[in-house]
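Counting from 1, position 94 in the sequence shown corresponds to residue 94 in full-length UniProt numbering; the numbering is continuous, with no gaps. We put the beta carbon where it would ideally sit given N, CA and C, even for glycine. None of these values were measured; they are calculated from a predicted model.
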Amino acid sequence: MAVGRSQDRTAFAALFSYFGPRLKTYFRRLGMVDEEAEELAQEAMILVWRKAALFDPGKAAASTWIYAIARNLRLDALRCRSFSRDETSASERPVTQDSAPSAEEQFASSAQQEQLRKALHLLPREQAQVVQMCYFGDRSHTEIARELSIPLGTVKGRLRLVLGRLRRALEKGGR
């Protein structure tokens, strides 16, 4: 709480000395090598420092909150690793044709973008706000729910509605 309220460095040092090694061990048990585990543990603790004001002891224990941050970082790292592996394997494949989009494809893409832009402007304010926060503000569904003081299910429901509307708008434009 002291870290979140007043960015108390002494309190953070105590948190770091307690959770840093435990997070590194947690990552090692999940199959990471020492360097990766160390780096991710430090990154998790940096996020704890930055987001300490968001911690709510009424919702979870500090350890639960910190391990949730660590787990999310690990998942992000795995996604990045998977993505870079896909990119590497794609770059090793022989290129048989020009991958640049044709003029027709560019025109279709710009027309689709314009349809999407129009559809986004027609959304109800609540739905537009959730889309903005999620896709353009890079916030998680949980963060959006907390910031808007609405249930997580409402956030997910609004996003489902938006995606359905946008899909229908794009299908209409394609006909």
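Under 8 Å between C-beta atoms of Val162 and Ile144: Taking 8 Å as the cut-off, the Cβ atoms of Val162 and Ile144 do not count as close.
Straight-line gap, Gly31 to Lys24 (C-alpha atoms, nearest Å): The alpha-carbon atoms of Gly31 and Lys24 are separated by roughly 11 Å.
Beta-carbon gap between Ala70 and Ala44 smaller than 8 Å: Cβ atoms of Ala70 and Ala44: closer than 8 Å.
Where Cys134 falls, given that 16 or more other Cβ within 10 Å makes a residue buried: That one is buried.
Contact under 8 Å by Cβ, Ala119 with Ala52: No, they are not a contact pair.
N-terminal and C-terminal residue of the alpha helix (DSSP H) that Gly31 is part of: For Gly31, there is no enclosing alpha helix (DSSP H), as DSSP marks it with neither H nor E.
Thr88 versus Phe27: straight-line alpha-carbon distance, rounded: Unreliable placement is indicated for Thr88, whose pLDDT of 49 sits below 50; the coordinate value is still reported in the next sentence. Looking at the backbone, the Cα of Thr88 and that of Phe27 are separated by about 25 Å.
Identity of the residue in Leu47, Ser6, Arg139 nearest Phe19 by Cα: In terms of CA proximity to Phe19, Leu47 leads the group Leu47, Ser6, Arg139.
Reference Ile150, options Glu39, Arg117, Glu126, closest by Cα: Nearest neighbour of Ile150 by Cα position, chosen from Glu39, Arg117, Glu126, turns out to be Glu126.
CA-to-CA distance, Glu114 to Ala60, given in whole angstroms: Just so you know, the alpha carbons of Ala60 and Glu114 end up roughly 44 Å apart.
Phe136 burial status per 10 Å Cβ neighbour count (16 or more: buried): Taking a 10 Å sphere around the C-beta of Phe136, we find fewer than 16 other C-beta atoms and assign the residue as exposed.
Arg9, buried or exposed, once every other Cβ within 10 Å from all chains shown has been counted against 16: Around the beta carbon of Arg9, a 10 Å sphere encloses fewer than 16 other beta carbons of the protein chains shown; the residue is thus reported as exposed.
8 Å Cβ cutoff met for Arg79 and Leu40: Result no, Cβ atoms of Arg79 and Leu40 do not sit closer than 8 Å.
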